[in-house]
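Participant:
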Ligand code: CP3
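This is the structure in structure tokens:
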């Protein structure tokens, strides 16, 4: 096997719980403001331009691969792009994304369309195609989309939220309407990820950043069927699926039922315990606390050793943080994490 093929296969091998020379590593939100070269591009273009002009999206997707030598590239885009194509206005402000016309009623939900990714946001698949070509199999491209619950939360709240009261109110007061919203989102996400795979993504990640807000009964009733529908579509296409869920140690047993290949968990979970219980069915990804990257490289290396001891050399592990890297993280500390995870710098 050539070195290039080895790199491409590391993350696919880990996702399938097969061994390789070492566990792979990448970082959620690895293309972003902690990188000076990203900030330099952002001075010239706004965020939506970066998402919508494939050459720019490719340029920033490649930055962390070149600087950090991570084992995968992730498409540069945003989970809210498909919402825009469903008919919702999305504006990125300094204070995060805002949706000025949120979804609050059954009529609002019925108005949402199910987009055709290649016709309605062709730039996303085109970015994957150009990125895969630029990388020439050196490292694989990860495609991504939001999970139905997390997308519903942005659509209903009209932006970020601390407590998701409006989303939960709709879920509890109009469960059939809420289920139909999740179903529309699941169809949209399945089509989005399928288009990315057809364009060359070798694995995909579903981001359920706020999924841990639900208790077990509500996760089972609402999120599980919608998420499983997406996972089945992608697995039928032969592509491993990573499911990230924030704040969800109480939901791990249900996440296994989504049939995802890899569970990406945050710092609240003990990866060793999850593997002890489910290691014959799933691989794990994670889970260093992104805030720990503000500590010294020495402290970061110790944390990597602690997680490595939990995993105990089992094959199904992809190194990552427990959530996206924070915008003011020192880039040398991100580098120390990657090197330690790759088994260097110790
Ligand atoms: O991982 C990568 O490098 C690929 C790019 C990527 C972005 N967003 C680019 C981005 C990915 C995978 C996402 C996913 C995403 N987007 C999620 C799920 C992951 C998570 O962190 O929970 C969510 C919830 C969003 C929605 C979103 N987009 C928020 C809340 C924000 C504002 C927060 C912030 O970091 O500014 C965005 C904007 C955004 N998406 C930026 C980037 C690089 C910052 C835009 C800028 O340059 O100013």
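In this note's numbering, the protein residues as written are 1 to 346.
A virtual CB, placed ideally from N, CA and C, is assigned to each residue, including glycine.
Predicted, not measured: the structure shown is a model, and the values here were computed from it.
(1) For residue 297, which three-state DSSP category applies?
(2) Within 8 Å, do at least three Cβ pairs link the segment 94-113 to the segment 122-132?
(3) At the level of alpha carbons, what is the spacing between residue 100 and residue 107?
(4) Within 10 angstroms of its Cβ, does residue 49 collect 16 or more other Cβ (buried), or is it exposed?
(5) Return helix, strand or coil for residue 165, following the three-state DSSP convention.
(6) Among 216, 222, 312, which residue has its Cα nearest to the Cα of residue 176?
(7) Where in the segment 209-278 do unbroken runs of the alpha helix (DSSP H), each at least 4 residues long, occur, reported from the N-terminal end onward?
(8) State the Cα-Cα distance for the pair residue 201 and residue 135, rounded to the nearest angstrom.
(9) Among 296, 26, 309, which has the Cα closest to the Cα of residue 139?
(10) Have a look at the DSSP bridge pairing and note the partners of residue 207.
(11) Could you give the first and the last residue of the continuous alpha helix (DSSP H) run that contains residue 188?
(12) DSSP puts residue 93 in a beta bridge; with which residues?
(13) Can you tell me which of the three DSSP states residue 285 falls into?
(14) Can you determine whether any heavy atom of ligand 1 sits closer than 7 Å to the C-beta of residue 296, and answer yes or no?
(15) Taking buried to mean at least 16 other C-beta atoms within 10 Å of its own C-beta, is residue 196 buried or exposed?
(16) How about residue 164: is its Cβ closer than 7 Å to a heavy atom in ligand 1?
(17) Going by DSSP, what residue range makes up the beta strand (DSSP E) through residue 326?
(18) Any idea if residue 173 is buried or exposed, counting beta-carbon neighbours within 10 angstroms, 16 or more meaning buried?
(19) Return the residue from the list 130, 163, 142, 82 that minimises the CA-CA distance to residue 116.
(20) So for residue 79, helix, strand or coil by DSSP?
(21) Exposed or buried, which one is residue 258 when buried takes at least 16 other CB atoms within 10 Å?
(22) Can you give me the start and stop residues for the beta strand (DSSP E) that residue 114 sits inside?
Facilitator: To lay it out plainly:
(1) Here residue 297 sits in helix by DSSP.
(2) Cβ pair count under 8 Å is below three, so no.
(3) Those two C-alpha atoms are separated by around 17 Å.
(4) Per the 10 Å Cβ criterion, exposed.
(5) For residue 165, the three-state secondary structure derived from DSSP is helix.
(6) Minimum Cα distance to residue 176 is reached at 222.
(7) Restricted to the segment 209-278, the alpha helix (DSSP H) segments that are unbroken, complete and at least 4 residues in length are 224-236, 252-256, 271-278, listed in chain order.
(8) Taking the Cα positions, residue 201 is about 12 Å away from residue 135.
(9) Taking only the C-alpha atoms, the option nearest residue 139 is 26.
(10) Answer is 146, 244, bridged to residue 207.
(11) Note, residue 188: alpha helix (DSSP H), 175-198.
(12) DSSP lists 96 as the beta-bridge partner residues of residue 93.
(13) Strand.
(14) The answer is no for residue 296.
(15) Per the 10 Å Cβ criterion, buried.
(16) Outside the cutoff, so no.
(17) Counting along the chain, residue 326 falls outside any beta strand (DSSP E), and DSSP gives it neither H nor E.
(18) With fewer than 16 Cβ atoms within 10 Å of its Cβ, residue 173 is classed as exposed.
(19) The alpha carbon of residue 116 has as its nearest neighbour, out of 130, 163, 142, 82, the alpha carbon of 82.
(20) Coil.
(21) Buried is the call here.
(22) It is not in any beta strand (DSSP E) - residue 114 carries neither H nor E in the DSSP assignment.
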